[in-house]
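S.K.:
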Amino acid sequence: MSSKVALIGAGAMGGAIGARLAETGNRLTVFDLDKDKVAALTAKGATAATSAAAAAAVSDFVVLSLNSPKIIHAAVFGPEGVAAGARAGTLIIDMSSIDPDATKALAAEAAEKGLRWVDSPLSGGAPKALIGQLTLMAGGSERDVADAHQVLRHVASNYTHMGPVGAGQTTKLINQVLCALNFLAVAEATQLALDAGVDAAKIPQALKGGRADSAILQEYMPRYVSKDYRRTGRIDNMVKDLNGAQDLARRTNTAMPLTAVCAEIHRMLTASGLGGEDQAALMEFFKGPNKEIAG
Numbered sequence: 003m004s005s006k007v008a009l010i011g012a013g014a015m016g017g018a019i020g021a022r023l024a025e026t027g028n029r030l031t032v033f034d035l036d037k038d039k040v041a042a043l044t045a046k047g048a049t050a051a052t053s054a055a056a057a058a059a060v061s062d063f064v065v066l067s068l069n070s071p072k073i074i075h076a077a078v079f080g081p082e083g084v085a086a087g088a089r090a091g092t093l094i095i096d097m098s099s100i101d102p103d104a105t106k107a108l109a110a111e112a113a114e115k116g117l118r119w120v121d122s123p124l125s126g127g128a129p130k131a132l133i134g135q136l137t138l139m140a141g142g143s144e145r146d147v148a149d150a151h152q153v154l155r156h157v158a159s160n161y162t163h164m165g166p167v168g169a170g171q172t173t174k175l176i177n178q179v180l181c182a183l184n185f186l187a188v189a190e191a192t193q194l195a196l197d198a199g200v201d202a203a204k205i206p207q208a209l210k211g212g213r214a215d216s217a218i219l220q221e222y223m224p225r226y227v228s229k230d231y232r233r234t235g236r237i238d239n240m241v242k243d244l245n246g247a248q249d250l251a252r253r254t255n256t257a258m259p260l261t262a263v264c265a266e267i268h269r270m271l272t273a274s275g276l277g278g279e280d281q282a283a284l285m286e287f288f289k290g291p292n293k294e295i296a297g
């Protein structure tokens with residue numbers, strides 16, 4: 003069953019989501035300030051809109067893939083924004099990763115205008131979106147989360163209702179803490195293997211199925227070894243998410259010492275000009291001449 007969907011934001015992640023929605027037969031209308039990104043989706047069967055309002059006016063669902071609460075607010079409530087064109091009852095599905103409190107405020111403002119809101123941040127990145135295997139964590143009413151699945155089933159293989167609006171974003175912050183720590187641990191272990199003269203490229207296979215195994219180990223240790231920095235995410239985006247997790251930890255009085263160290267390393271790399279690089283560039287933190295092994 004196809005749906006009429008507006009996509010607002012066609013960057014790396016939004017573009018992959020849009021490509022998958024178009025490929026699976028949905029009637030996709032897309033708006034982004036970058037015309038080249040819009041053109042990439044119209045080539046796959048989407049229709050270009052002149053504004054977010056115009057896209058929303060012809061759609062039953064509006065998917066957002068944007069970078070910050072400020073940008074989302076402008077896209078939804080600004081001049082020619084979603085709210086200016088959407089019909090009452092339109093369901094907004096925010097797949098961005100932002101602060102849970104900001105999400106609650108956005109959803110409340112949308113409700114005042116007769117619009118529904120589900121926060122459904124993701125894990126898996128663009129590669130998983132393209133094959134419909136994202137992991138999604140959703141926040142919203144039971145009805146709205148169920149309705150959103152009509153669209154999200156095309157891009158996700160794992161979709162979990164976590165609670166009311168904001169619960170999806172909170173779960174995403176927890177996801178990002180686990181991912182960031184794993185990225186860093188695998189990078190550190192890779193450097194130890196290289197310095198110790200072990201064939202690090204063999205480690206993922208050697209540890210497969212054991213307690214140390216993970217998707218990040220299997221995907222990223224080979225990339226760390228070969229210095230494959232092709233971008234599927236950004237270090238500075240992880241800084242944003244770790245900042246959000248630390249803000250939440252302060253509000254809940256939760257001790258997160260490992261996250262603090264991990265966040266500082268990400269900030270150091272961003273300050274050194276690597277913020278736009280993939281997580282694979284974490285190896286730059288550990289690079290240097292091999293040291294003599296103490297015997």
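Here my numbering is used: the first residue of the sequence shown is 3, the next is one more, and so on. Heads up, the beta-carbon is just placed ideally off N, CA and C, and yes, glycines get one too. Just so you know, these numbers come straight off a predicted model, no measurement behind them.
#1: The alpha helix (DSSP H) spanning Ser228 covers which residue range?
#2: Pull up the CB-CB distance for Leu23 and His156, whole angstroms please, since I reckon it's below 8 Å.
#3: Whole-angstrom Cβ separation of Leu244 and Ala182, contact assumed at under 8 Å?
#4: Can at least three beta-carbon pairs, one atom from the segment 253-264 and one from the segment 162-170, be found at a separation below 8 Å?
#5: On the three-state DSSP scale, how would you describe Val7?
#6: Less than 8 Å between the CB atoms is what I'm expecting for Tyr231 and Ala283, so what's the real figure, rounded?
#7: Among Arg213, Asn160 and Met223, whose alpha-carbon lies nearest the alpha-carbon of Leu186?
#8: Do Gly83 and Ala90 come within 8 Å of each other at the CB atom, strictly closer than that value?
#9: Run the CB neighbour count on Glu114, radius 10 Å, all protein chains shown included, and call it buried at 16 or more, exposed below.
#10: Residues in its own chain within less than 7 Å of Lys293 by CB, not counting five upstream and five downstream?
#11: Do Gln178 and Ala247 have their C-beta atoms closer together than 8 Å?
#12: Could you compute how far the alpha carbon of Tyr226 sits from the alpha carbon of Lys39?
#13: Are three or more beta carbon pairs between the segment 54-72 and the segment 92-99 nearer than 8 Å?
#14: Since Ala42 and Gly13 should fall inside the 8 Å C-beta cutoff, what is the C-beta to C-beta distance between them, to a whole number of angstroms?
#15: Expressed to the nearest angstrom, what Euclidean distance is found between the alpha-carbon atoms of Gly212 and Ile205?
#16: Mark Ala8 as exposed unless 16 or more other C-beta atoms lie within 10 angstroms of its C-beta, in which case mark it buried.
#17: Are Leu250 and Thr172 closer than 8 Å when you measure CB to CB?
#18: Going by the beta-carbon positions, is the gap between Pro71 and Ser99 smaller than 8 Å?
#19: For Val147 versus Ala158, is the C-beta distance shorter than 8 Å?
#20: Going by beta carbon distance, what residues of the same chain come within less than 7 Å of Asp34, once the five residues before and after it are set aside?
#21: Taking C-alpha atoms, which residue in Ala203, Phe79 and Gln220 lies nearest to Ala58?
#22: Buried or exposed for Gln281, going by 16 or more other Cβ atoms inside 10 Å?
#23: Measure the Cβ-Cβ separation of Thr234 and Pro129 and say whether it is below 8 Å.
#24: Take Leu1 as the anchor and find which of Lys289, Ala21 and Ser216 has the nearest alpha-carbon.
M.R.: In brief:
#1: From DSSP, the alpha helix (DSSP H) with Ser228 extends over Ala217 to Ser228.
#2: That belief holds up - the Cβ atoms of Leu23 and His156 are roughly 6 Å apart, short of 8 Å.
#3: So it is a contact: roughly 6 Å between Cβ atoms.
#4: At 8 Å Cβ cutoff, the stretches do not touch.
#5: Under the three-state reduction of DSSP output, Val7 falls in the strand class.
#6: The Cβ separation is near 5 Å, so the contact holds.
#7: Residue Met223 holds the alpha-carbon nearest to the alpha-carbon of Leu186 among Arg213, Asn160 and Met223.
#8: In this structure, Ala90 lies away from Gly83, with their beta-carbon atoms at least 8 Å apart.
#9: It counts as exposed.
#10: Because Lys293 sits at a pLDDT of 47, beneath the cut-off of 50, its placement in the model cannot be relied upon, and the point is left open.
#11: Closer than 8 Å, so yes.
#12: Going by the C-alpha atoms only, they are around 30 Å apart.
#13: Touching, per the Cβ criterion.
#14: Between Ala42 and Gly13 the beta-carbon gap is near 11 Å, outside 8 Å, which marks them as no contact.
#15: Rounded to whole angstroms, the separation of the alpha carbons of Ile205 and Gly212 is 11 Å.
#16: Result: buried.
#17: Yes, Cβ-Cβ distance for Leu250 and Thr172 is below 8 Å.
#18: No, Cβ-Cβ distance for Pro71 and Ser99 is not below 8 Å.
#19: Contact: no.
#20: Excluding sequence neighbours, Asp34 sits near Gly11, Ala12 and Val40.
#21: Of the listed residues, the one whose Cα sits closest to Ala58 is Phe79.
#22: Buried, by the Cβ-count rule.
#23: Thr234 places its beta carbon less than 8 Å from that of Pro129.
#24: Coverage of the chain is limited to positions 3 through 297, which leaves residue 1 absent and any answer about it impossible.
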